[in-house]
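Those letters in the sequence shown? Residues 11 to 321, per our numbering, in order. Built from N, CA and C at the ideal position, the CB exists for glycine as well. Computed from a predicted model, the values in this text were never measured in an experiment. Here the structure comes first, spelled out in structure tokens, and everything after it is commentary.
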Amino acid sequence: MGQKLASLSYRLWAYVSGLRKVTVLKFTLIGLLLVLFISYGLHGRTEWFFSNALSDAGASTDPTFCGDEEQTTWWINPNRTNLASWQKIPEEERTFPIAFTIIAFERPDQVWRLLKAIYRPQNFYCIHMDKKQTPRIKDWLRTRIKTCLPDSSNVHFLSAIDVQHSYMSVLEADLLCMRLLWQLTAEKTTPTKATSTSQRPPWRYLINLTGQEFPLKNNLELTRILRVLNGANIVQQLKYPILHRPPHGLKLYKGSVHVVLSWAFVDFIFTDSRVHDFLNFLPYVGVPDEAFFSTLNHNAHLRAPGGFPCE
Numbered sequence: 011m012g013q014k015l016a017s018l019s020y021r022l023w024a025y026v027s028g029l030r031k032v033t034v035l036k037f038t039l040i041g042l043l044l045v046l047f048i049s050y051g052l053h054g055r056t057e058w059f060f061s062n063a064l065s066d067a068g069a070s071t072d073p074t075f076c077g078d079e080e081q082t083t084w085w086i087n088p089n090r091t092n093l094a095s096w097q098k099i100p101e102e103e104r105t106f107p108i109a110f111t112i113i114a115f116e117r118p119d120q121v122w123r124l125l126k127a128i129y130r131p132q133n134f135y136c137i138h139m140d141k142k143q144t145p146r147i148k149d150w151l152r153t154r155i156k157t158c159l160p161d162s163s164n165v166h167f168l169s170a171i172d173v174q175h176s177y178m179s180v181l182e183a184d185l186l187c188m189r190l191l192w193q194l195t196a197e198k199t200t201p202t203k204a205t206s207t208s209q210r211p212p213w214r215y216l217i218n219l220t221g222q223e224f225p226l227k228n229n230l231e232l233t234r235i236l237r238v239l240n241g242a243n244i245v246q247q248l249k250y251p252i253l254h255r256p257p258h259g260l261k262l263y264k265g266s267v268h269v270v271l272s273w274a275f276v277d278f279i280f281t282d283s284r285v286h287d288f289l290n291f292l293p294y295v296g297v298p299d300e301a302f303f304s305t306l307n308h309n310a311h312l313r314a315p316g317g318f319p320c321e
């Protein structure tokens with residue numbers, strides 16, 4: 011009897027001891043997470059994991075904060091630029107410039123993180139910050155880019171459109187940036203009035219983004235993919251029935267607002283009169299930014315460069 015009681019007591023002690031170890035481990039992990047979170051929040055003050063209530067939370071830090079080594083919190087450096095050494099850019103990447111449009115609505119810190127991930131000195135960028143955003147937000151982003159990039163002359167800013175989701179203003183902001191990048195010459199990074207035939211195109215492809223995205227491929231991988239396209243576009247298409255017939259016998263298609271367009275296709279957008287007529291028709295279409303590129307890309311009789319006809 012005494013032996014059984016001793017065995018039972020030992021098992022009970024082992025069980026309680028095990029619970030204590032698990033409890034201690036749990037509290038240790040929770041404490042570590044709290045320390046990291048507090049350290050990150052007090053020092054970086056750029057990401058709030060549990061709330062996005064503050065529309066300008068991303069502009070709470072010093073815009074000249076570029077993430078130098080002396081600005082590291084313990085072993086964590088949430089704001090480090092991680093910008094590549096430009097002397098090490100491979101030839102195949104350097105000779106294949108890409109243009110990017112970024113339509114930004116809020117959180118300039120996220121826009122900055124996106125830009126520093128895709129930035130290369132040979133590329134071209136246009137950021138359209140929503141017109142209704144505060145001057146503080148816009149100034150913060152401009153200052154951060156000017157201070158932290160080795161050369162910001164290839165990054166252009168616009169803030170002309172009050173963007174409203176699902177309306178023409180989304181497309182208008184994107185086209186405004188596209189036009190600016192289309193007007194660049196190969197020798198300069200400032201817009202000119204040169205026509206599309208007067209200068210060699212300074213970039214090969216254009217990719218449109220929003221400020222709250224992040225790339226899954228680096229720039230070298232992107233250039234390799236785009237070389238394989240050999241002038242073709244990446245534009246999604248789904249047939250979309252509509253009562254009002256588009257002009258010029260167009261069949262209406264819809265797809266993702268995100269596209270990959272050759273320079274020749276962008277040139278087609280701004281030089282073909284049929285595209286202008288289609289733009290005037292688009293206010294009759296729900297979410298027009300989803301219909302514009304898909305319709306132009308997939309109507310064979312338009313002969314849009316790089317298009318994928320569906321007829």
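Query, Result
"Range of the contiguous beta strand (DSSP E) that encloses Val270", "Val270 to Ser272"
"Length of the line joining the Cα atoms of Ala242 and Tyr215", "10 Å"
"Where the beta strand (DSSP E) containing His166 begins and where it ends", "Val165 to Leu168"
"Cβ-based burial, Ser304 [other Cβ within 10 Å; buried from 16]", "buried"
"Ile128 - containing alpha helix (DSSP H), residue span", "Pro118 to Ile128"
"Range of the contiguous alpha helix (DSSP H) that encloses Cys187", "Met178 to Trp192"
"Continuous alpha helix (DSSP H) stretch holding Phe115: start and end", "Neither: Phe115 is in no alpha helix (DSSP H) and is coded neither H nor E."
"Buried versus exposed call for Arg146 [16 or more other C-beta atoms within 10 Å across all chains shown]", "exposed"
"Classification of Thr111 by the beta-carbon crowding that lies within 10 angstroms, buried from 16 upward", "buried"
"Alpha-carbon spacing of Asn309 relative to Lys261, whole angstroms", "7 Å"
"Leu64 burial status per 10 Å Cβ neighbour count (16 or more: buried)", "Low confidence applies to Leu64: its pLDDT is 36, below 50, so where it sits in the model is not reliable enough to give any reading."
"Cβ contact check for the segment 131-147 and the segment 165-180: 3 or more pairs under 8 Å", "yes"
"Whole-Å CB distance - Asn236 paired with Phe106, under 8 Å assumed", "Looking at the sequence shown, residue 236 is not Asn but Leu. Contact flag correct, Cβ pair sits at about 7 Å."
"C-alpha distance - Pro256 paired with Thr157, whole-angstrom precision", "47 Å"
"Spatial distance of Asp172 from Phe115 (CA atoms)", "10 Å"
"Nearest-angstrom beta carbon gap, Asp282 and Asp327 [assumed within contact, 8 Å]", "Residue 327 falls outside the range modelled here, since the chain spans only 11 to 321, and no answer is possible."
"Strand pairing of Leu151, partner residues [DSSP]", "Answer is none; Leu151 lacks a bridge partner."
"Cβ-Cβ distance between Gln290 and Val245 below 9 Å", "Contrary to the premise, residue 290 reads as Asn rather than Gln in this sequence. Result no, Cβ atoms of Asn290 and Val245 do not sit closer than 9 Å."
"Cβ neighbour criterion (16 or more within 10 Å) applied to Glu294", "Looking at the sequence itself, residue 294 is Tyr, so the reference to Glu does not match. Exposed."
"Boundaries (first-last residue) of the alpha helix (DSSP H) holding His254", "Where His254 is concerned, there is no enclosing alpha helix (DSSP H), given that its DSSP letter is neither H nor E."
"Segments assigned alpha helix (DSSP H), at least 4 residues, entirely inside the segment 216-244", "229-239"
"Close Cβ partners of Ala127 (< 6 Å) along its chain, the five nearest in sequence each way excluded", "Pro225"
"Under the three-state DSSP convention, the category Cys158 falls into", "helix"
"Leu292, DSSP secondary structure in three states", "helix"
"Assigned exposure category for Gln143 - 16 Cβ within 10 Å defines buried", "buried"
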